[in-house]
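>
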Amino acid sequence: MPGSVLVVGCGVFGLATSRSLAEKGYSVTAIDAYEPPSPWSAANDYNKIIRGEYTDMIYSKMSVEAIDLWRNDPVFKGLYNECGRLMITPAHHVGRKEFERKGIENLNKLGEGFRMEYFQGGNEVSERFDFFKYNLMANEEESKFNPDSGLAHAGNSLRAVYRKCKQLGVKFLFGKKGEFVSVEKKKGIAYIKTADGSLHTSEQIVVCCGAATGKMLDLQEQQGATGLFVTHIKLTPSEYETYKNMPVLFDAEMGYFFPPDPETRILKIAQPGAGASHFVKNPHNSGKKISLPRYHNLHPTDTMPKHCIKQTKQILAKYIPELAYHELFDSKVCWVADTADSHFIVDGVPGYSNLYVATGDSGHGFKFLPNIGKYIVGMLEGNLDEEYGSQWKWKTSAKGFDPVSMDWRVASEFPDLKNVDWVQEQPKAKL
Ligand SMILES: Cc1cc2nc3c(=O)[nH]c(=O)nc-3n(C[C@H](O)[C@H](O)[C@H](O)COP(=O)(O)OP(=O)(O)OC[C@H]3O[C@@H](n4cnc5c(N)ncnc54)[C@H](O)[C@@H]3O)c2cc1C
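All residue numbers in the sequence shown are consecutive under the UniProt record's numbering, ending with 431.
1) Please tell me whether, using a cut-off of 7 Å, the distance from the CB of E179 to the nearest non-hydrogen atom of ligand 1 is below it.
2) Specify the secondary structure class of T213 as computed by DSSP and reduced to three states.
3) Counting along the chain, where does the beta strand (DSSP E) carrying K193 start and finish?
4) Alpha helix (DSSP H) containing W70: first to last residue?
5) Just reading off the beta strand (DSSP E) that W335 is part of, what are its end residues?
6) Mind pulling the beta strand (DSSP E) runs of 3 or more residues that sit fully within the stretch 12-45?
7) How about F366: is its Cβ closer than 7 Å to a heavy atom in ligand 1?
8) Tell me which residues share the same chain as L151 and place their Cβ nearer than 8 Å to its Cβ, disregarding the 5 neighbours each side in the sequence.
9) Is I233 close to chain B? Criterion is C-beta to C-beta, closer than 8 Å.
10) Per DSSP, W422 is paired with what?
11) Have a look at E239 and L219 and give me their C-alpha separation to the nearest angstrom.
12) What residue range does the alpha helix (DSSP H) around Q391 cover?
13) At what residues does the beta strand (DSSP E) containing E117 begin and finish?
14) Taking the beta carbon of N245 as the centre, do at least 16 other beta carbons fall within 10 Å, making it buried, or is it exposed?
15) Between R96 and I58, what straight-line distance do the alpha-carbon atoms span, to the nearest angstrom?
16) Out of E381, S20, Q391, F368, state which residue places its alpha-carbon closest to the alpha-carbon of E65.
17) Check whether the stretch 337-357 and the stretch 179-192 are in contact - that is, three or more C-beta pairs closer than 8 Å.
18) Please report the Cβ distance between K332 and D302, rounded to the nearest whole angstrom; I am assuming they are in contact, meaning their Cβ atoms lie under 8 Å.
19) With H, G and I counted as helix, E and B as strand and the rest as coil, what does DSSP make of Q204?
20) May I ask you to verify whether the stretch 3-17 touches the stretch 364-381, counting CB pairs closer than 8 Å and requiring at least 3?
21) Suppose the cutoff is 7 Å on Cβ atoms and the five residues either side in sequence are ignored; what does the same chain contact list for D421 look like?
22) Could you tell me whether the Cβ atoms of D214 and D32 are closer together than 8 Å?
23) Would you tell me roughly how many angstroms separate the C-alpha atoms of S18 and Q167, rounded to the nearest one?
24) Are P272 and Y256 closer than 8 Å when you measure CB to CB?
25) Check whether the Cβ of F13 lies closer than 7 Å to any heavy atom of ligand 1, and answer yes or no.
26) From V12 to S41, what distance separates their C-alpha atoms?
27) Assuming V280 and K289 are in contact, meaning their beta carbons sit under 8 Å apart, how far apart are those beta carbons, in whole angstroms?
28) What's the gap between the Cα of K77 and the Cα of A160?
29) For a test of the three-state rule: what should DSSP assign to S277, helix, strand or coil?
30) Tell me the DSSP secondary structure of G84 in three-state form.
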C-alpha cells in the first residue's frame, strides 16, 4: 500500500517525482520557496536542448525513452519542437569529439541516430540550411546535424507537470511555508524545517533542491553549484518569420542558441564553457568552502561578465551575422548542481531512516523531465536497477568538482563571482 512522501523542491526532479508518486497512488506533499516555475530552478527558461547523445549508456537509454515521451505524452503536447540540432566541434578538442563519437555509437546500439548528417566547412552548411547562409565557418570545420532532437519550452513544461500533479492530488506549499531551511533529526527520523518555523516529516522525504541542496543538507564533497550564463536578443516580426524553423545550433566552444520563442520572438543564447562559482563557508563544515547559488532574482546585478558579451556577439556574427546587431538583454547567471563524475545523486542520506536526495543534475537534467520521476521512485521503493543505482549512489569518497577537467562541457574558465566584471544592463530594456 503506497504511503506518504514529502518532496522538497519543485524543479525538474521534484515535479517529475511528485507526478510519478501520485500516479502510483502515494499521498504526496511537495514544497518549494516559489510556485513553479521557480525563479531558482535551473529550468525556468524559454527552452532547453533535448538530445540523445551520451557517452554513458544509462543516459543514452534514458534520453531515448525521454524523447519518446516528449513526442507522445499528452502532458507535453505542444511543448516539444523537434527542430534538430546542428553541432560544431572544435577540431582540436579531442575530448569533446570523442564525447560526440561515442554518443552516436551508443544511439546506434539502441537502434537510433541513423539520420545524422555530416558537413565539411561552411559552404556545405549554408547549402543545407538557408538560415546559416552567411556563416563564416572555415573550410576545415566539421559539423553534424541530428534531426531526432530539438528543444522543449522549459518554463511551460514545468507548468504542465505542475498542473498534472495538482490534477493527481499532490498538495503544494510555497513561500515561507515551503522554503526549506534545515534538517532536524529525532530518533533517526528527519524533519524538514521551513522558513515559517514549521517542522514537516513523512514516511519518506526526498530533497530535490538542485544546486542549492548542499546549503540545507550536508552533501559532503559531492556537488558544487556552477553558474552558467544566458542572454537574449529579440527578433523583429520579419526576422522571426525567417528564423522560426531553424535548428538549435550548438558550437561546443563558443556557445549555443535556439530558434526564437514563438510567444515572445526572443532568441536565447547560452555559453556552456564560461561559468562561475560562488564559494562561501560550508554551513555544515566551517573548515571547508562550498560553491552555492546566488540567485538572479535576489541579485539582479549578476548579469554576464563583460568578456562573455563579446563572445556571445561573436557566435551570432559567425553563424547568423545579420542578427549580430541586436542588443543583448536579460543576461543572467543560472545555477546547476555539478558532481565530480557528472552523475546524478539519487540515494538515501546516511544516518536517517526516512531521508533521500535526488540532485547532482550536472547541467543536463532537464530533458529527463518526462521520465526521471520513475527512476527516483524506483530508488525510494528499493527497486532501482543496479546499473543506475551504482552510478547515482551517495559517494562518501567524492573529491569535489573541477569544471575545467570535464571533457563534455568545453570549459575554459570558472571565476568566482567576486572576481566577475559584470555588464550593467538597463532592466528589460529591449522587451
Ligand atoms: C543555463 C542552463 C542551460 C541548461 N540547458 C539544458 C539543456 O539544454 N538540456 C538539459 O537537459 N538540461 C539543461 N540544463 C540543466 C537543467 O536545467 C537542470 O539539470 C535541471 O533543472 C535540474 O533539475 P533539479 O530539479 O535538480 O533542479 P532545479 O530545476 O534547479 O530545481 C530546484 C528547485 O528547488 C527549489 N529550491 C531551492 N532551494 C530551496 C529551498 N531552500 N527551499 C525550497 N525549495 C528550494 C527551487 O525553487 C527549484 O524549484 C541547463 C541548465 C542551465 C542553468
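Idealized CB from N, CA, C, for every residue including glycine.
A quick note: this is a predicted structure, and the numbers were derived from the prediction, not measured.
Once the coordinates are examined:
1) One-based indexing of the sequence shown puts residue 179 at position 179. Under cutoff, so the answer is yes.
2) Reading the sequence shown from its first residue, position 213 is the one you call residue 213. Of the three classes helix, strand and coil, the one that applies to T213 here is helix, per DSSP.
3) Reading the sequence shown from its first residue, position 193 is the one you call residue 193. Its beta strand (DSSP E) spans residues 189-194.
4) What you label residue 70 is simply residue 70 of the sequence shown in a count that begins at 1. 57-72 is the extent of the alpha helix (DSSP H) around W70.
5) If you number the sequence shown from 1, residue 335 lands on position 335. From DSSP, the beta strand (DSSP E) with W335 extends over 329-339.
6) Complete beta strand (DSSP E) runs here, min 3: 27-31.
7) On the sequence shown, position 366 is the one that residue 366 refers to. It does: the Cβ of F366 is within 7 Å (strictly closer) of some heavy atom of ligand 1.
8) For the purposes of this step, residue 151 is identified with residue 151 of the sequence shown, where counting begins at 1. N47, K48, I49, I50, Y80, N81, C83, V248, F258, P259, listed in sequence order.
9) Given the protein chain composition of this structure (a single chain), no chain B is represented.
10) One-based indexing of the sequence shown puts residue 422 at position 422. Partner(s): P305.
11) Here the question's residue 239 lines up with position 239 in the sequence shown. Here the question's residue 219 lines up with position 219 in the sequence shown. Across the structure, E239 and L219 are spaced so that their CA atoms are roughly 47 Å apart.
12) Here residue 391 corresponds to residue number 391 of the sequence shown, with the count starting at 1. Per DSSP, Q391 belongs to the alpha helix (DSSP H) from 386-392.
13) In the sequence shown, counting from the first residue as 1, residue 117 sits at position 117. DSSP places E117 in the uninterrupted beta strand (DSSP E) bounded by 117-120.
14) Within the sequence shown, the letter at position 245 stands for residue 245. Its Cβ having fewer than 16 others within 10 Å, N245 is exposed.
15) On the sequence shown, residue 96 is found 96 positions in, with the first residue counted as 1. On the sequence shown, residue 58 is found 58 positions in, with the first residue counted as 1. One C-alpha to the other measures close to 19 Å.
16) By 1-based counting over the sequence shown, the position of residue 65 is 65. Looking only at E381, S20, Q391, F368, the smallest Cα-Cα distance to E65 is reached by F368.
17) Yes, since at least three Cβ pairs between the stretch 337-357 and the stretch 179-192 fall closer than 8 Å, the two stretches touch.
18) Along the sequence shown, one-based indexing puts residue 332 at 332. Along the sequence shown, one-based indexing puts residue 302 at 302. That belief holds up - the Cβ atoms of K332 and D302 are roughly 7 Å apart, short of 8 Å.
19) Indexing the sequence shown from 1 puts residue 204 at position 204. Looking at Q204 - three-state DSSP - the assignment turns out to be strand.
20) The stretch 3-17, when compared against the stretch 364-381, does touch it at the 8 Å Cβ threshold.
21) Reading the sequence shown from its first residue, position 421 is the one you call residue 421. A distance below 7 Å between beta-carbons, with the five flanking residues on each side excluded, links D421 to the following residues of its chain, in chain order: P305, K306.
22) The residue given as residue 214 occupies position 214 in the sequence shown. The residue given as residue 32 occupies position 32 in the sequence shown. For the sequence presented, residue 214 should be read as Gly rather than Asp. No. Outside cutoff.
23) Position 18 of the sequence shown, counting from 1, holds the residue named residue 18. Position 167 of the sequence shown, counting from 1, holds the residue named residue 167. Answer to the nearest angstrom: the Cα atoms are 12 Å apart.
24) As a first step, residue 272 must be located in the sequence shown, where it is residue number 272. As a first step, residue 256 must be located in the sequence shown, where it is residue number 256. Yes. Within cutoff.
25) Counting from one through the sequence shown, the residue named residue 13 turns up at place 13. Within the cutoff, so yes.
26) Position 12 of the sequence shown, counted from the start, is the residue given in the question as residue 12. Position 41 of the sequence shown, counted from the start, is the residue given in the question as residue 41. Spanning the two alpha carbons is a distance of roughly 8 Å.
27) Residue 280 sits at position 280 when you count from the first residue of the sequence shown. Residue 289 sits at position 289 when you count from the first residue of the sequence shown. In this structure V280 touches K289 by the C-beta definition: roughly 7 Å separates them, less than 8 Å.
28) Mapped onto the sequence shown, residue 77 falls at position 77. Mapped onto the sequence shown, residue 160 falls at position 160. So the two alpha carbons sit approximately 9 Å from each other.
29) If you number the sequence shown from 1, residue 277 lands on position 277. If DSSP states are grouped into helix, strand and coil, S277 belongs with the strands.
30) Along the sequence shown, read from residue 1 onward, the residue named residue 84 stands at position 84. Secondary structure at G84: coil, using DSSP grouped into helix, strand and coil.
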